[in-house]
Amino acid sequence: MRAELHSHRKEEIGLLIETFLRKQLKLKAHTVTKVEETERYMIVHINRLGRRLLRCGVCRQRCRKVHSVRKAREWRDLSMRKLPLKLRYRPRRVECPRCGLRVEDFPWAEPWARVTTALSNAVARLARELSWQGTARQYGLNWKSVATIVKRAVQYGLRHRKRPPVRVIGIDEVSRRKGQVYLTVVYDLERRVLLWVGDERTEEAVRPFFTKEMGLRRCRTLQIVCMDMWAAYANLVREHAPNAQILFDRFHIVKHLNEAVDAVRRDLWRRLTAKERTTFKGTRWLLLKNPWNLTGNQKERLSTLVQWNTPLVRAWYLKEAFQLFWDYKQPWRAKQHLTKWIHSAMRSKLEPFKKFAQMLRSHLDGILAWTKARVSNGAVEGMNNKIKSISHRLFGSRTAENFIAAIYHCCAQLPLPVER
Ligand SMILES: [Zn+2]
Numbered sequence: 062m063r064a065e066l067h068s069h070r071k072e073e074i075g076l077l078i079e080t081f082l083r084k085q086l087k088l089k090a091h092t093v094t095k096v097e098e099t100e101r102y103m104i105v106h107i108n109r110l111g112r113r114l115l116r117c118g119v120c121r122q123r124c125r126k127v128h129s130v131r132k133a134r135e136w137r138d139l140s141m142r143k144l145p146l147k148l149r150y151r152p153r154r155v156e157c158p159r160c161g162l163r164v165e166d167f168p169w170a171e172p173w174a175r176v177t178t179a180l181s182n183a184v185a186r187l188a189r190e191l192s193w194q195g196t197a198r199q200y201g202l203n204w205k206s207v208a209t210i211v212k213r214a215v216q217y218g219l220r221h222r223k224r225p226p227v228r229v230i231g232i233d234e235v236s237r238r239k240g241q242v243y244l245t246v247v248y249d250l251e252r253r254v255l256l257w258v259g260d261e262r263t264e265e266a267v268r269p270f271f272t273k274e275m276g277l278r279r280c281r282t283l284q285i286v287c288m289d290m291w292a293a294y295a296n297l298v299r300e301h302a303p304n305a306q307i308l309f310d311r312f313h314i315v316k317h318l319n320e321a322v323d324a325v326r327r328d329l330w331r332r333l334t335a336k337e338r339t340t341f342k343g344t345r346w347l348l349l350k351n352p353w354n355l356t357g358n359q360k361e362r363l364s365t366l367v368q369w370n371t372p373l374v375r376a377w378y379l380k381e382a383f384q385l386f387w388d389y390k391q392p393w394r395a396k397q398h399l400t401k402w403i404h405s406a407m408r409s410k411l412e413p414f415k416k417f418a419q420m421l422r423s424h425l426d427g428i429l430a431w432t433k434a435r436v437s438n439g440a441v442e443g444m445n446n447k448i449k450s451i452s453h454r455l456f457g458s459r460t461a462e463n464f465i466a467a468i469y470h471c472c473a474q475l476p477l478p479v480e481r
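First residue of the sequence shown? That's 62 in my numbering, and the numbers climb one at a time after it.
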């Protein structure tokens, strides 16, 4: 009597779990028949519910005819407390009026996935924050499964993402292996979202952004393209978006300017005596700092420095004078300032500055565009830092393919598959 009651209770609880799972999985044409607990998994057995119509796995059309039943397949799902769930089901092949003989559609998973959409979305979300290894550990998977999930999520996201018109873009490069291999990234500077990542930074590698990602129609809305003075990028813009204004990025220009100061400093260093070098040491940053941020002691060191070597003083003043360019509101004044500056840089007898001035001269239009446009890739500086941290996180697995997938995954705001 007692044993009977006990087994009756157990059956009831089992039924509760099955109903719970059926509801959670939102099954309509399927049902949970049994939940089996093994040492490592909870196995949820699924079967077709009566004669309800199944859908085609390709077009999701309801199909009247079931052709055959295949052997059981399993899908990893989220865990129930500590036990990971597995769904087990024998897929049907259906006769779709449109597609012919196809495997049915699974409401819990994407067609070829080995894990449920709920699990893969949970993994994908965590992989935006953690390394692939770290994510794998959290879900008891190996990192390659995480890589597969992320790549699938990216493919899905790229197919389904919104594509509003793009007007202002920034093209930048990121190094994949310290200064050896470069990727090209393209941002929408207004929405601050990544649009595209390309392997390499050559004309050929970046062309697909204009021809495939943007296409003829979308290229027409482009108004400003912000970039470094890199011929490959400029050529592509002239070819594919001739109406867009090329704007050479402020931060890149300042970087080149600082490199010129640095080159003058290094040249001097080579010519100093050993004693002079001791005082000179560690002054590089004094010259790169804004003068109004220097403390009294720093100003003193700077003035000793200045007394010794007039080339460095000239370099320093040239640098400061150049920086005024960014504040002009009227284009003609900005142009006047820049022309004068280039002139004095050319007469400065400082080779690095002459080179810098020549570079400005041959890119003048795209530099002067700043005064009106006033945008720079600085708007997405946070994104560039994020890419750097992604690069660190990927350490062992940083192939171009993985790196590109991870960048899209973390910076492009891609939608994840819908959990049905
Ligand atoms: Zn179909």
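Cβ atoms here follow ideal geometry from the backbone N, Cα and C, with glycine treated the same way.
Given the structure is predicted, the values throughout are model-derived calculations rather than measurements.
Asked	Found
DSSP state of W204 mapped onto helix, strand, coil	helix
Nonlocal neighbours in the same chain, by C-beta distance under 6 Å from P168, ignoring five residues either side	R481
Strand pairing of Y245, partner residues [DSSP]	As written in the sequence, residue 245 is Thr, which differs from the Tyr given in the question. Paired residue(s): E234 and G259.
Where G439 sits in the DSSP three-state scheme	helix
Neighbourhood of R238 by C-beta, 7 Å cutoff - its chain only, sequence neighbours within 5 removed	none
Coarse secondary structure for K380, derived from DSSP in three states	helix
V127: CB within 7 Å of a non-hydrogen atom of ligand 1	no
Alpha helix (DSSP H) segment containing P145, residue limits	P145 -> not in any alpha helix (DSSP H); beta strand (DSSP E) instead, spanning L144 to Y150.
From G427, R113 and A133, residue whose alpha carbon lies closest to that of R125	R113
Cβ pair L256, V227 closer than 8 Å	yes
Under the three-state DSSP convention, the category R252 falls into	coil
Closer than 5 Å to ligand 1: residues, by C-beta to nearest heavy atom, in chain order	C117, V119, C120, Q122, C157, R159 and C160
Nearest-angstrom Cα separation, counted from W353 out to Q391	26 Å
Burial state of L202 (16 or more Cβ within 10 Å)	buried
Short Cβ contact (8 Å threshold) for L250 with I230	yes
Continuous alpha helix (DSSP H) assignments of at least 4 residues falling wholly in the region 163-229	178-188, 193-200 and 204-221
From I314, A170, E274 and R454, residue whose alpha carbon lies closest to that of W193	R454
Segment contact, 8 Å Cβ cut-off, at least three pairs: the region 86-94 with the region 102-117	yes
Three-state secondary structure (DSSP) of N304	coil
Boundaries of the beta strand (DSSP E) in which S140 is found, first to last residue	R134 to M141
Given 8 Å, three or more beta-carbon pairs between the region 168-177 and the region 420-433	no
Exposure label - H404; buried when at least 16 CB within 10 Å	exposed
Inter-stretch contact at 8 Å, needing at least 3 Cβ pairs: the region 294-304 / the region 394-412	no
Proximity of L477 and G218 at Cβ, strictly below 8 Å	yes
Own chain partners of E156 with C-beta closer than 7 Å, once the 5 adjacent residues on each side are dropped	C124, K126, H128 and L162
8 Å Cβ shell around L399 - same chain, five flanking residues per side excluded	F386, L421, L425, I428 and L429
CB contact flag (V176, R137, <8 Å)	yes
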